[in-house]
Amino acid sequence: MRQADTDGMLRALALAEQAAAAGEVPVGAVLLDASGAIIGEGRNTREQTHDPTGHAEVVAMRQAAASISSWNLEGCTLVVTLEPCVMCAGAILQARVGRVVFGAWDEKAGAAGSMYDVLRDRRLPYRAEVVGGVWEDASTALLRDFFEQRR
Ligand SMILES: [Zn+2]
């Protein structure tokens with residue numbers, strides 16, 4: 045863990061809280077460049093945008109790529125409050141993001157070590173370093189509160 049990871053996770057948690065306030069599943073993500081600066085932010089937007097791909101990671105990567113005018117996010121770190129799903133893990137590899145730091149493990153749909161390990165699958169041409177379970181309790185609490193309120 046680097047200081048920038050910690051700062052990134054704080055921001056990602058704030059974005060997740062914003063998602064919950066907007067009626068979206070509370071997941072937030074930021075993209076850090078090699079120096080640790082935030083170049084993209086995202087939170088779940090599926091309800092708002094009616095976009096099935098509107099996951100926090102995809103939104104953050106789109107913003108980061110636009111900010112540097114390149115799809116290639118090599119050298120960047122994605123910090124996200126929940127373990128990425130299969131779709132996001134695929135997008136992370138497509139963007140060549142080299143490092144992923146996430147909060148809560150997702151035992152039901154995680155693709156960074158839980159259900160699948162897409163990010164470290166040696167059969168694929170690209171892989172990412174994974175740091176999981178960072179401040180897991182904070183991310184899990186946000187998700188638990190959100191789904192408890194909906195019941
Ligand atoms: Zn996803």
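In this text, residue positions in the sequence shown follow my numbering: the first is 45, and each later residue adds one.
C-beta: ideal position from N, C-alpha, C; glycine also.
Return no unless some Cβ of chain C is closer than 7 Å to the Cβ of residue i.
i	result
I82	Looking at the structure shown, chain C is missing, and only one protein chain is on hand.
For residue i, name the three-state secondary structure that DSSP assigns.
i	result
A73	strand
A66	coil
R46	coil
R87	strand
A148	strand
D181	helix
D165	coil
R143	strand
Q118	At residue 118 the sequence reads Glu, which differs from the Gln that was named. Of the three classes helix, strand and coil, the one that applies to E118 here is coil, per DSSP.
E127	coil
Please confirm whether any heavy atom of ligand 1 lies closer than 6 Å to the CB of residue i.
i	result
M131	yes
H94	no
Rounded to whole angstroms, how far is the Cβ of residue i from the Cβ of residue j, which I believe are closer than 8 Å?
i	j	result
G80	R55	Wrong, their Cβ atoms sit about 12 Å apart, outside the cutoff.
E85	A66	That belief does not hold up - the Cβ atoms of E85 and A66 are roughly 14 Å apart, past 8 Å.
P70	A78	With a Cβ gap of about 28 Å, P70 and A78 do not count as contacting.
A100	R87	5 Å
L186	E61	7 Å
L76	V123	6 Å
A133	A155	4 Å
Specify whether the region 151 to 161 and the region 122 to 140 touch according to this definition: at least 3 beta carbon pairs, one from each stretch, less than 8 Å apart. yes
Validate contact between the region 169 to 179 and the region 137 to 149 using beta carbons, cut 8 Å, 3 pairs: As far as the Cβ criterion goes, the region 169 to 179 touches the region 137 to 149, which means the pair count is three or higher.
contact_flag[the region 134 to 141, the region 117 to 125] where n(CB pairs < 8 Å) is 3 or more: yes
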